[in-house]
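Here's the structure, in structure tokens; my notes come after.
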Amino acid sequence: MRRSELAATLSRLSIKEEGNVETLVVDGADSLARLKKELEHVKLLAWDCEGVNLSRIGSVTLIQFAIDREDGGQLCFLLDMLSPIKDQLFAFAKQVLEDESVLKVIHDPAADADCLLHCHGITVVNVHDTQAWHMTLRRCYSRPNLNLTLEAWNLPLNTHKNASFNPYKSNPAYWASRPLTETMIQVAGGDVYTTIPLYRMQIANSFSNPTGCEQACAKSQARLQSMRSLPTFEVRVPQHEVGRFIGSRGCNINSMEIALSGCITCDKNSDGNSFLVYTNLPQNEAKAIMRRETNGQVTIR
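Counting from 2, one number per residue, gives the positions in the sequence shown under the numbering used here.
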């Protein structure tokens, strides 16, 4: 079998059906052609990214899109950004994500937007952040993950991404592994096709709450900007104190981020004790706030 025939065969085998959702891995000319055809006139889609150290010091290795089908099901595309056609995929993703006329539904776009802008030159616009909408409409002050949010709205969960799914501890570069496994395809697809029903329910819920709708829209756009527009600096925490910083015995990261008017991410390229701090505050002032928030129990360098 010639190489081109083998690639075409593998591309066809990358089509998965689950319930009323069809998932297609886009890694060759045929699957790219279908992606372009299906998204040609779309004005609403779900979007997410997977990657390694997803931030401005990392990289995107997978971009997911999901759209509604005419038969009431959904069509999910997984763009393999490590495939031989990665340049074409990034170019197409840029066209879609920078299109103001296309609404992108996502659960917490901050890290994705930061990585896409600083590593790949893509400025995402016009998002519906299901986390921001949940926090606004339900007056929630924490940042629940996607499954907790879906549960709060009585919607089906991404069952492939349960509490036992944590491959990063043994393999921080999990999303750079190839070929994509069945589990990777299921987890990545579930992060997008579950958000469109959530979007519709949130919009319906906001009809009687125009003020909440306006606030949620503003919060969505603010969260989109919350990392990519800020300067950063690195802090290191002694390995034996990391648990007091981010573990179950640690401080509340949300409250620390609020105090910093910024964000904190772990540098997964390190041994787990290096963190990237996003804030407009001077470094000395920001570090003082972090020491205060940890009650002086953590050494911030």
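Glycine included, every Cβ here is placed at the ideal spot set by N, Cα and C.
Small disclaimer: the values here were computed from a predicted structure and weren't measured.
Looking at C-alpha atoms only, which residue of the options is the closest neighbour of residue i?
i: Leu-33; options: Leu-80, Asp-100, Ala-67, Val-43; result: Leu-80
i: Glu-215; options: Phe-246, Gly-74, Ala-133; result: Ala-133
i: Asp-268; options: Met-257, Gly-59, Ala-94, Leu-151; result: Gly-59
i: His-161; options: Trp-154, Leu-147, Leu-282; result: Leu-147
i: Asn-21; options: Asp-28, Pro-168, Cys-77, Ala-219; result: Cys-77
i: Arg-70; options: Val-299, Val-238, Glu-294, Val-43; result: Val-43
i: Leu-282; options: Ala-205, Asp-100, Cys-264; result: Cys-264
i: Glu-1; options: Glu-101, Gly-191, Trp-154; result: Here the chain covers residues 2 to 302 and nothing more, so residue 1 does not appear.
i: Arg-224; options: Val-243, Asn-167, Val-238, Ile-259; result: Ile-259
i: Pro-198; options: Ile-68, Phe-93, Lys-38, Gly-29; result: Ile-68
i: Gln-89; options: Asp-100, Gly-73, Ala-114, His-121; result: His-121
i: His-119; options: Thr-196, Phe-208, Arg-57; result: Arg-57
i: Asp-100; options: Ile-123, Asp-115, Ala-219, Thr-233; result: Ile-123
i: Asn-163; options: Glu-152, Thr-131, Asn-285; result: Glu-152
i: Pro-85; options: Asp-130, Gly-29, Pro-211, Lys-95; result: Gly-29
i: Glu-242; options: Ala-287, Asn-274, Leu-231; result: Asn-274
i: Pro-232; options: Gln-284, Met-136, Pro-239; result: Gln-284
i: Pro-180; options: Phe-166, Gly-52, Leu-83, Glu-41; result: Leu-83
i: Met-257; options: Val-238, Phe-234, Pro-239, Arg-293; result: Arg-293
i: Ala-177; options: Glu-41, Val-193, Gly-52; result: Gly-52
i: Glu-41; options: Val-97, Phe-91, Pro-173; result: Val-97
i: Asn-255; options: Pro-145, Asp-31, His-135; result: Pro-145
i: Asn-210; options: Ser-165, Gln-240, Arg-140, Cys-116; result: Arg-140
Nearer than 7 Å: is that true of the beta carbon of residue i relative to any heavy atom of the ligand ATP?
i: Ser-171; result: Among the components of this structure there are no ligands whatsoever, and the ligand ATP is therefore not found.
With 16 other CB atoms within 10 Å as the buried threshold, where does residue i fall?
i: Thr-266; result: buried
i: Gln-75; result: buried
i: Phe-276; result: buried
i: Asn-54; result: buried
i: Tyr-1; result: No answer is possible for residue 1: the residues shown for the chain start at 2 and end at 302.
i: Val-299; result: buried
i: Lys-38; result: exposed
i: Arg-229; result: buried
i: Ser-143; result: exposed
i: Gly-297; result: exposed
i: Phe-208; result: exposed
i: Glu-6; result: At Glu-6 the pLDDT is 37, less than 50, meaning the model places this residue with poor confidence; the figure from the coordinates comes in the next sentence. So Glu-6 counts as exposed.
i: Gly-73; result: exposed
i: Phe-93; result: buried
i: Ala-287; result: buried
i: Ala-219; result: exposed
i: Ala-205; result: exposed
Under the assumption that residue i contacts residue j (Cβ atoms under 8 Å), give the Cβ distance between them as a whole number of angstroms.
i: Leu-156; j: Met-202; result: 7 Å
i: Val-128; j: Ser-221; result: 6 Å
i: Phe-246; j: Thr-295; result: 6 Å
i: Ile-290; j: Val-236; result: So it is not a contact: roughly 11 Å between Cβ atoms.
i: Thr-303; j: Val-106; result: Outside the modelled stretch of the chain, which goes from 2 to 302, sits residue 303, for which no answer is possible.
i: Leu-138; j: Gly-244; result: Going by Cβ atoms, the distance from Leu-138 to Gly-244 rounds to 34 Å, so no, they are not a contact pair.
i: Tyr-175; j: Thr-131; result: Between Thr-131 and Tyr-175 the Cβ distance is about 24 Å, and since that is not below 8 Å, they are no contact.
i: Leu-36; j: Val-26; result: Contact doesn't hold; Cβ gap of about 10 Å is too wide.
i: Val-125; j: Ala-114; result: 5 Å
i: Leu-261; j: Val-238; result: So it is not a contact: roughly 15 Å between Cβ atoms.
Under 8 Å: do the region 184-200 and the region 56-67 share three or more Cβ pairs, one atom per stretch? yes
State whether the region 42-51 contacts the region 109-125, with contact taken as three or more CB pairs (one from each stretch) at a distance under 8 Å. Inter-segment contact for the region 42-51 and the region 109-125 is present: three or more beta-carbon pairs are separated by less than 8 Å.
For the region 98-143, list the alpha helix (DSSP H) runs that are entirely contained and at least 4 residues long, ordered along the chain. 111-121, 131-138
Those runs of the beta strand (DSSP E) which lie wholly inside the region 264-301 and span at least 3 residues: 264-267, 275-279
Secondary structure, beta strand (DSSP E): runs of 3+ residues fully inside the region 36-62: 45-53
Ignoring anything shorter than 4 residues, give me the alpha helix (DSSP H) runs that lie fully in the region 142-226, in order along the chain. DSSP runs (the alpha helix (DSSP H)) wholly in the region 142-226: 147-153, 183-194, 196-207, 211-226.
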